[in-house]
Every structure is written in C-alpha cells, then in structure tokens.
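These notes are about the structure you will find just below.
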Amino acid sequence: RLALAHPIHRTHLPLEYLDADEHYSVTIRKSLLAIQEAARLNITNNKHRLWFSYVFTDSHFLFYVHTSMCLYALETMANEEQKQQFLPLAQSFRIITTYAQTELGHGTDLRRLETEAVFDRTSDSFVLNTPTLTSIKFWPGALGRTTNYVLLMAQLYTPNRDHPCGLQIFLVQIRDLNTHEPLPD
C-alpha cells in the first residue's frame, strides 16, 4: 500500500495509453522514484528493495535485471579489487548493468554460444567479438536506452589455444557515464 499510495500513480494515463516515448519517460521516472523511496524508507536488503520497486512501478521497473541479477553477479563473481571498484557504483545506481547472453541464432543454448573473448597479449586485455550474424546478442533487458554497463557472456580464448577454454562473464562499459552517449566500438 505504501508504494502504491505515492502521488506519481495519479499523475498520468495508464501506460497502455501512452506512446513509446511517454511510456519510457513515465517508467524511468517511476523507477528512479522507486530507488529514492526505497532509500528514504531505509530498505537496504536487495531482495526487499527489488520487490518494493517492482510494486512501486506497477511491474515496470527498468532496473529489474540490474537489481535482481547483475548486483548478485558482481557480489559473487568479482574479485576483491573489482568489488571495491564497481559494487559501490552499482549499488548506488551510478552504473546500471544488464545481462547479455542470448544470441540471435541460438537463444540461450550456452554450448552454441559464439561471442568470443580473445586475450591479446600486446594490449593485456580481452578483445570481444560477435563474429557472425547468429552471434549478435538479442534481448538484453534495458540495453537500448537505460543501461551503461553490460555483463556479457562469451567463450574465452587464450593464446596458444584454438578452441575455447569455457564461458566467462565480462563487465563492459557501453555508455559514457556523464553524457550517457554510446561509446565508440
């Protein structure tokens, strides 16, 4: 009742009557308010904050994947240095992540995943690549306009191996944190 009593629920038409831009505008406003209200009410447990936000936004919480999956992935899979660097930003919603696994040609069949992460010794970094049309990532939640980072699932290739070492998840920045403009390739 507390979530639904907020005045924002009386300030617009039902979402079904709005065009795409209006729908996004109202949904992002509600999602941001949900985060602020949860903080104001001192709802710090991630599960409770997620459910409060889900109810507050009439099931249209734009940060659902970030809150339900990505925060947990960072908490459980990142090393200590990565946690120190990224968790405070993710928990405060300064960075908003989504998860990209599903590919156009294979859906969620992990054995057929084609996205590659190849270690490049000269740059001491990984080069990420979707080498075919079927490897294009498909349906990552809120990727189009909302998120600025993505947790990307890829087949890991290391030097001197011509076959993948297995699946690995990579945290990749996709937008400028100040302007929210997409980063160049």
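Following the numbering used here from start to finish, the sequence shown increments by one per residue and tops out at 286. Cβ coordinates follow ideal geometry from the N, Cα and C atoms, glycine included.
With contacts defined by Cβ atoms closer than 8 Å, T199 and A191 do not form a contacting pair.
In the DSSP assignment, the residues bridged to T198 are Y250. DSSP lists L229, L257 as the beta-bridge partner residues of A218.
The criterion of a C-beta distance shorter than 8 Å is satisfied by S154 and A139. Counting the other Cβ atoms within 10 Å of the Cβ of L142 gives fewer than 16, which makes it exposed. Across the structure, R212 and P232 are spaced so that their CA atoms are roughly 16 Å apart.
For F157, the uninterrupted alpha helix (DSSP H) run begins and ends at 147-157, by DSSP. With fewer than 16 other Cβ atoms inside 10 Å of its own Cβ, V228 counts as exposed. Here the C-alpha atom of L151 lies approximately 10 Å from the C-alpha atom of V166.
Checking the DSSP bridge columns, you'll see K238 partnered with E204.
Following the DSSP letters along the chain, one finds F271 inside the beta strand (DSSP E) bounded by residues 267-274. Sequence-distant Cβ neighbours of L244 in its own chain, meaning closer than 6 Å and more than five residues away, are T199. Membership of Y118 in any alpha helix (DSSP H) is not indicated, and neither H nor E is assigned to it by DSSP.
Put simply, of H107, N180, T128 the residue whose alpha carbon is nearest the alpha carbon of P115 is T128.
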